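There are 2 protein chains.
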Amino acid sequence: MIRLDAIDHQLLGLLQHDSKQTNKALANKLNLSITAVYERIKKLERNGVIRNYAALIDPEKVSRAFIAFCQIKLIQHSEQHIKLFEKEILRLKEVLSCYHISGEYDYIIKIYVENMAAYREFMVTKLTAIAHIGSTQSSFVINELKNSTAIEL
Amino acid sequence: MIRLDAIDHQLLGLLQHDSKQTNKALANKLNLSITAVYERIKKLERNGVIRNYAALIDPEKVSRAFIAFCQIKLIQHSEQHIKLFEKEILRLKEVLSCYHISGEYDYIIKIYVENMAAYREFMVTKLTAIAHIGSTQSSFVINELKNSTAIEL
DNA sequence: ATTTTTGTAGAATAATTTTCAGTTACAGGA
DNA sequence: TCCTGTAACTGAAAATTATTCTACAAAAAT
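Chains as they are written, first to last, in full-length UniProt numbering: chain A, 1 to 153; chain B, 1 to 153.
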């Protein structure tokens, strides 16, 4: 396990919210030298604590304002069927997240499309086209209160 | 509505996966000059297409490997109760996402904690401490197949 | 046909990242 | 206690990158 101190936690907090700020700005906030910040970041990258850096875009600005969650039950649960389902579901670009979960349903997926018509199209031509899907239950997002990538430490 | 051409789409695709690559690298991939890339990025930032840049970290490396979804039903649905619930739920640092949804339950939240014991602690002392919660249903993540921030255009 | 706008390229400059040499703090072993 | 090795730090120099500026070309508007 990687040992992170309080400064690392602060640094991760800052970088999770804005990875474009300069080492100089970070150094000021953390009361460290630029090089110290630089070395800490490189270490976090080497250790795999920081996986990557991403630009986060506004779904509304790119016509993906309609978000839905869909829970899926498979007909059979053999390894073969699971593998096949997972392979197919990951092909779909509308699916931003996919989790294998406990409970009544087997999977929960998060879907980004333009509107309800597009969602219907997605369901009919793409999702239910995947073999071995038993039943599905969709929940449409009325309001996104929070969707953060930042883990508070 | 903002007009984005094919190059903007490509550019957004690249930046959503790796926002740390240099304009030079981007220019090569897009067959543009460095300045052209620079101007396009600034425009996407000005227009709000790019909301921000973030470091994405590995939950396992920071002891947040236990992920759960929890669906929540409120007792009452008056504006007052909704507002209060939303205010309280957003206070909780374990809650990375919170959506108001259609269907049987009112909200779905995604929770990151260290382990099942921490989840129990979270439920007992934090979540169910919020007033007006009717019932909840938790689903634990067995496997995260995909959790992307990148919208494919 | 002409003007305006938009997007682009290349060079110059400003700023930042990265490297380097040297210093300090500290834990473990003799 | 003292020594020694390690890890983390600092400040300056070098390398790279971002940003600005001027100019040009193509497309759209007048």
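Backbone N, C-alpha and C define an ideal beta-carbon position, used for all residues, glycine too.
All figures in this text were calculated on a predicted structure; none of them were measured in a lab.
Which chain A residues sit within Cβ distance under 8 Å of B/Gln76? B/Gln76 does not reach chain A, its nearest Cβ partner there being about 17 Å away, counting only Cβ pairs nearer than 8 Å.
A/Glu144 - partner residues in DSSP beta bridges: DSSP lists B/Tyr99 as partners of A/Glu144.
Rounded to whole angstroms, what's the CA-CA distance from A/Phe140 to B/Gly103? Just pull it up for me. The alpha-carbon atoms of A/Phe140 and B/Gly103 are separated by roughly 8 Å.
With a threshold of 8 Å, are at least 3 pairs of Cβ atoms found where one atom belongs to the stretch 96-116 of chain B and the other to the stretch 29-46 of chain B? With a cut-off of 8 Å, the stretch 29-46 of chain B and the stretch 96-116 of chain B do not count as touching, because too few Cβ pairs lie within range.
Decide if A/Lys87 is buried, meaning its Cβ has at least 16 other Cβ atoms within 10 Å, or exposed. In summary, A/Lys87 is exposed, with fewer than 16 beta-carbon neighbours lying within 10 Å of its beta-carbon over all protein chains present.
In the DSSP output, which residue or residues are listed as bridge partners for A/Ser19? BP columns for A/Ser19 are empty, so no partner.
Go ahead and label A/Ile8 buried or exposed: buried means 16 or more other beta carbons lie within 10 angstroms of its beta carbon, across all protein chains shown. Residue identity check: residue 8 of chain A is Asp in the sequence provided, not Ile. Around the Cβ of A/Asp8, a 10 Å sphere holds 16 or more other Cβ atoms; the residue is buried.
I want to verify the contact list: residues of chain B whose CB lies under 8 Å from the CB of A/Asn114, in sequence order. This sequence places Glu at residue 114 of chain A; Asn is not what is there. Per Cβ cutoff of 8 Å: no residues; A/Glu114 is ~11 Å from chain B at best.
Is the beta carbon of B/Ile108 less than 8 Å from the beta carbon of A/Phe69? Using a Cβ distance threshold of 8 Å, B/Ile108 and A/Phe69 count as a contacting pair.
B/His132 versus chain A: which residues are under 7 Å apart at the beta carbon? Chain A residues near B/His132: none, gap ~16 Å exceeds 7 Å.
Can you give the Cα-Cα distance for B/Ser148 and A/Asp18, rounded to whole angstroms? For B/Ser148 and A/Asp18, the distance between alpha carbons rounds to 18 Å.
The stretch 48-68 of chain B in contact with the stretch 52-62 of chain A per 3-pair CB rule at 8 Å: By the Cβ test, the stretch 48-68 of chain B is in contact with the stretch 52-62 of chain A, since at least three Cβ pairs between them sit closer than 8 Å.
On a Cα-Cα basis, can you pick out the residue from B/Asn23, B/Leu4, B/His132 and B/Asn31 that is closest to B/Ser78? Selected option, being the one with the closest Cα: B/His132.
What residues from chain B crowd round A/Asn52, counting only those whose CB sits closer than 9 Å? Residues of chain B passing the Cβ test: His17, Asp18, Ser19, Lys20, Ala55 and Leu56.
Cβ closer than 8 Å: which chain A residues qualify as neighbours of B/Ser135? For a Cβ distance threshold of 8 Å, nothing in chain A lies close to B/Ser135: the least Cβ distance comes to about 14 Å.
Environment of A/Ile75 [buried if 16+ CB atoms lie within 10 Å]: So A/Ile75 ends up on the exposed side.
Taking the alpha carbon of residue 154 of chain B as the point to measure from, which residue in A/Ile89, A/Ala6, A/Glu60 and A/Val62 has its own alpha carbon closest? Residue 154 of chain B lies beyond the residue range present for chain B, which begins at 1 and ends at 153; the question has no answer from this structure.
Just checking my contact of A/Ile82 with B/Ile142 at CB under 8 Å: how many whole Å lie between their CB atoms? That belief does not hold up - the Cβ atoms of A/Ile82 and B/Ile142 are roughly 11 Å apart, past 8 Å.
Find the residues of chain B that neighbour A/Glu86, judging by a C-beta separation of less than 7 Å, and give them in chain order. A/Glu86 reaches chain B at Leu145, counting residues in chain order whose Cβ is nearer than 7 Å.
Just checking my contact of A/Phe66 with A/Tyr119 at CB under 8 Å: how many whole Å lie between their CB atoms? So it is a contact: roughly 6 Å between Cβ atoms.
So, using beta-carbon positions, are A/Glu114 and A/Ser63 closer together than 8 Å? The answer is yes: Cβ separation under 8 Å.
Among residues of its own chain, excluding the 5 on either side of B/Leu84, which ones have a beta-carbon nearer than 6 Å to its beta-carbon? Residues of the same chain with their beta carbon placed closer than 6 Å to that of B/Leu84 are lacking, with the five preceding and five following residues left out of the count.
Can you list, in chain order, the residues of its chain with a C-beta nearer than 7 Å to that of B/Ile130? Leave out the 5 residues immediately preceding and following it. Closer than 7 Å at the Cβ level, and outside the excluded window around B/Ile130, lie Phe85, Glu88 and Ile89.
Which residue marks the beginning of the beta strand (DSSP E) containing B/Gln71, and which one marks its end? From DSSP, the beta strand (DSSP E) with B/Gln71 extends over Phe66 to Leu74.
Are the CB atoms of B/Leu12 and B/Leu153 nearer to each other than 8 Å? With respect to the 8 Å criterion, B/Leu12 and B/Leu153 are classified as neighbours on the basis of their beta carbons.
Given this structure, state the Cα-to-Cα distance separating B/Lys24 from B/Tyr38, to the nearest angstrom. Linking B/Lys24 to B/Tyr38 through their CA atoms gives a straight-line distance of about 9 Å.
Reducing DSSP to helix, strand and coil, say where residue 179 of chain A ends up. As displayed, chain A neither begins before 1 nor continues past 153, which places residue 179 of chain A out of reach and without an answer.
Kindly indicate if chain A contains any beta-carbon less than 8 Å away from that of B/Cys70. The Cβ of B/Cys70 sits no closer than 8 Å to any Cβ of chain A.
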